[in-house]
Every structure is written in C-alpha cells, then in structure tokens.
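Asks: Dumping the structure here so I can ask a few things about it.
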Amino acid sequence: MIHLKSKEELELMYLSAQLVSKTLGVLAKEVKPGVTTNHLDKLGGEYIRDNGGYPAFLGMYDFPKNLCISPNTEVVHGIPNDKPLKDGDIVSVDCGVYMNDFYGDHAYTFAVGEVSEETEKLLRITKESLYKGIEQMKKGNRIGDIGFAIQQHCEKEGYGIVRELVGHGLGRKMHEDPQVPNYGRRGSGKKIEDGMVLAIEPMVNMGTEKVFFHPDGWTVTTLDDKYSAHYEHDVCVVDGQPKLLSTFQYIYDALGIVSDEEKPFLFKP
1 MIHLKSKEEL
11 ELMYLSAQLV
21 SKTLGVLAKE
31 VKPGVTTNHL
41 DKLGGEYIRD
51 NGGYPAFLGM
61 YDFPKNLCIS
71 PNTEVVHGIP
81 NDKPLKDGDI
91 VSVDCGVYMN
101 DFYGDHAYTF
111 AVGEVSEETE
121 KLLRITKESL
131 YKGIEQMKKG
141 NRIGDIGFAI
151 QQHCEKEGYG
161 IVRELVGHGL
171 GRKMHEDPQV
181 PNYGRRGSGK
191 KIEDGMVLAI
201 EPMVNMGTEK
211 VFFHPDGWTV
221 TTLDDKYSAH
231 YEHDVCVVDG
241 QPKLLSTFQY
251 IYDALGIVSD
261 EEKPFLFKP
C-alpha cells in the first residue's frame, strides 16, 4: 500500500531529510586520503544524535553501524572499517535519520583527492541521471517513467544499471511501497500522485550491471571489480510537481561547489 503524505507530514519529513543532508555536509569536509570509514561513521552518528535524530541504519535488519559507506567497487551497504581511504578512491556515503516519527534517507558519492577523468565522468553521469529521474516524478506519470529516464541516460554512456537493488517509498517506515527501479518502461508501474514520497537512488556501475552479494550479508560489489556510484534524494510531489525534501547544498557549501541543479525542485515548507 502506498501512503500519501499530508502537508503537515511532508513538513516533518523535510526536517528529517534536512538533518541527513546536513550530516553529509559535515562529512564532506572529512572525506580525504588517510581517513577511515569508521571515522566518518562515528562523526556522522554523533552529529545525528546531537541534533535530535537517531541514526536510522543502526540496528535496522541488524546492520552494525550508523552509516552505509561503500568505497570504489562496493555498490551499497558497505560496513565502515579501519581501512584508510586513498587518493583516487570514490566513496558512497548513505545516511538515514529517524526523527519526528519519519525517516530521511540520502546518499552522495564523494571523490577522494584527485580521481581520474573516467571516474569523474561516472560520478557526473550518475548524478545527472538522478535528476533525469526526478524530472519524471510528476502527477500522472508512472514509476516506470522514472526508471526509464535514469536507464536511458546511463546506458547510452555504456554504464551498467544495477537490477537487484532499487529505490523505494519513504515515510514512517524506511522502506515503503512502491519500489523504484532505476530501469523500466515508459508508462509502466504505479501512477504518481500528490503526497507521494520516494527515495530515488541510481546505483550505476562503470562496467557490468551484475553484482556480487558478500557472505557478510551486507556488502554488495560489482562483479567485474569496476567502480560504482550512488546518489539519492528524497522527493515528494506537491501540486503535481517533484520537490526535494533533501539537498546536496550542504555538501556543495563544504566543498566550494556552485550548482543550480536543485533550483527547479525546491520544497518550501
């Protein structure tokens, strides 16, 4: 069942999503060669608690850490550890917050130091595909329109779209209906309505779309050991149009990035 949110519920979800976004902004300054993912995990968990939230991933399905942090060939659900990041790495930081009875869920893939042009392109195309998907989250469209837009943008560059992992509805539960694949057919799937909230999250591989699920029950890596990128926004539909509950602006402020990509989708609580 899809739970459509009221104006008041969207405003509470906005606060949860914004705390996730602020947490990623704090971590953006810390992602550098020599830093461990355990350090990022500890810092993120402390920031969430200090600002009135709870790290949503901690204990969810028995996950052992505050954040999912996935370097390089890890697609998602990486378990933080003491291995230092190095120059040329990329690292996806996926953060969840529970606050005001609602969840926020948000991810960004960071470049560590100087990365190759090939890697920069993977990050750029994957993030562009996120917004291609968001553009399709309009009243009257269908879930398949979102996945189709993401798939088209990435596959024309030769990238693989992960099939086994998808986006999802979001609200009082972390994972609500509907599922939101990053591939699909135009005009297929559930119809998009006002009050719908989705976590749209392209997971895009530099090579094959195929992945390997590790025995630890969490870590997912690319089958060909090529890099994978992951970006995620929390998006609602207001007056028929997609609006962002989350933002990358705190990350951009920390890193000195100038961007107007979110301007068409600003949510006004």
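Quick note on UniProt numbering: the sequence shown kicks off at 1 and runs consecutively.
Ideal placement from N, C-alpha and C gives every residue a C-beta, glycine not left out.
Here the structure is a predicted model, which is why all the values come from computation and not from measurement.
1) Residues bridged to F212 by DSSP?
2) Indicate the three-state DSSP secondary structure (helix, strand or coil) for P242 in the structure shown.
3) For M206 and G104, what's the separation of their Cα atoms in angstroms?
4) Where C68 and Q241 are concerned, what is the direct C-alpha to C-alpha distance, given to the nearest angstrom?
5) Between K139 and E193, is the Cβ-Cβ spacing less than 8 Å?
6) According to DSSP, is Y98 part of a helix, a strand, or is it coil?
7) Of all the options P33, A149, L24 and V112, which has the alpha carbon lying nearest to the alpha carbon of H106?
8) Assuming N182 contacts V166 under a Cβ cut-off of 8 Å, what Cβ separation, rounded to an integer in Å, is found between them?
9) Let me know if S116 comes out buried or exposed under the rule of 16 or more other beta-carbons within 10 Å of its beta-carbon.
10) Rounded to the nearest angstrom, what separates T208 and E8 at their Cα positions?
11) Q249 lies in the alpha helix (DSSP H); which residues open and close that run?
12) How would you call P178, buried or exposed, if buried means at least 16 neighbouring beta carbons within 10 angstroms?
13) Report back the beta-carbon spacing between G53 and Y98 to the nearest angstrom; my notes put them in contact at under 8 Å.
14) Hey, quick one: how far does the beta strand (DSSP E) through M203 stretch, first residue to last?
15) Taking all protein chains shown into account, do 16 or more other C-beta atoms lie within 10 angstroms of the C-beta of M196, making it buried, or fewer, making it exposed?
16) Apply the 10 Å Cβ neighbour rule to K32 and answer buried if 16 or more other Cβ atoms are within range, or exposed otherwise.
17) Opposite S21 in the DSSP bridges: which residues?
18) Just the Cα atoms here: how many angstroms apart are L4 and N72?
19) Cβ atoms of V204 and Y159: under 8 Å apart, would you say?
20) Run through the stretch 6-93 for me and flag every whole alpha helix (DSSP H) of 4 or more residues, listed as ranges in chain order.
21) By Cβ distance, which residues of its chain are closer than 6 Å to N66, with the 5 residues on each side in sequence left out?
Replies: Taking the coordinates as given:
1) By one-based count along the sequence shown, residue 212 stands at place 212. T221.
2) As a first step, residue 242 is located in the sequence shown; it is residue number 242 there, counting from the start. Reduced to three states, the DSSP call for P242 is strand.
3) Here residue 206 refers to the residue found at position 206 of the sequence shown. Here residue 104 refers to the residue found at position 104 of the sequence shown. For M206 and G104, the distance between alpha carbons rounds to 28 Å.
4) Translated into positions along the sequence shown, residue 68 becomes position 68. Translated into positions along the sequence shown, residue 241 becomes position 241. C68 and Q241: Cα-Cα distance of roughly 30 Å.
5) Along the sequence shown, read from residue 1 onward, the residue named residue 139 stands at position 139. Along the sequence shown, read from residue 1 onward, the residue named residue 193 stands at position 193. Their beta carbons are under 8 Å apart, which means K139 touches E193 by this criterion.
6) Your numbering for residue 98 matches position 98 in the sequence shown. DSSP places Y98 in strand when its eight states are reduced to three.
7) Here the question's residue 106 lines up with position 106 in the sequence shown. Nearest of P33, A149, L24 and V112 to H106, Cα basis: L24.
8) The residue you call residue 182 lines up with position 182 of the sequence shown. The residue you call residue 166 lines up with position 166 of the sequence shown. N182 to V166, Cβ: 7 Å. Contact.
9) Against the sequence shown, residue 116 aligns to sequence position 116. The residue is exposed, with fewer than 16 neighbouring Cβ atoms inside 10 Å.
10) The residue given as residue 208 occupies position 208 in the sequence shown. The residue given as residue 8 occupies position 8 in the sequence shown. Going by the C-alpha atoms only, they are around 43 Å apart.
11) In the sequence shown, the residue the question calls residue 249 occupies position 249. Q249 to L255 is the span of the alpha helix (DSSP H), which, as asked, contains Q249.
12) If you number the sequence shown from 1, residue 178 lands on position 178. Answer is buried; the Cβ neighbour count reaches 16.
13) As a working mapping, residue 53 is identified with position 53 in the sequence shown. As a working mapping, residue 98 is identified with position 98 in the sequence shown. That pair is a contact at about 6 Å.
14) Residue numbering aside, residue 203 sits at position 203 when the sequence shown is read from its first letter. Here the beta strand (DSSP E) through M203 covers M203 to N205.
15) Position 196 of the sequence shown, counting from 1, holds the residue named residue 196. Buried, because 16 or more other Cβ atoms sit within 10 Å of the Cβ of M196.
16) Your numbering for residue 32 matches position 32 in the sequence shown. Classification for K32: exposed.
17) Taking the sequence shown and counting its residues from 1, one reaches residue 21 at position 21. Per DSSP, none; premise fails for S21.
18) Looking up residue 4 in the sequence shown gives position 4. Looking up residue 72 in the sequence shown gives position 72. Answer to the nearest angstrom: the Cα atoms are 36 Å apart.
19) Along the sequence shown, read from residue 1 onward, the residue named residue 159 stands at position 159. Along the sequence shown, read from residue 1 onward, the residue named residue 204 stands at position 204. Their beta carbons are under 8 Å apart, which means Y159 touches V204 by this criterion.
20) 7-28 and 37-50
21) On the sequence shown, position 66 is the one that residue 66 refers to. Here the set comprises D41, G44, G45, P55 and L58.
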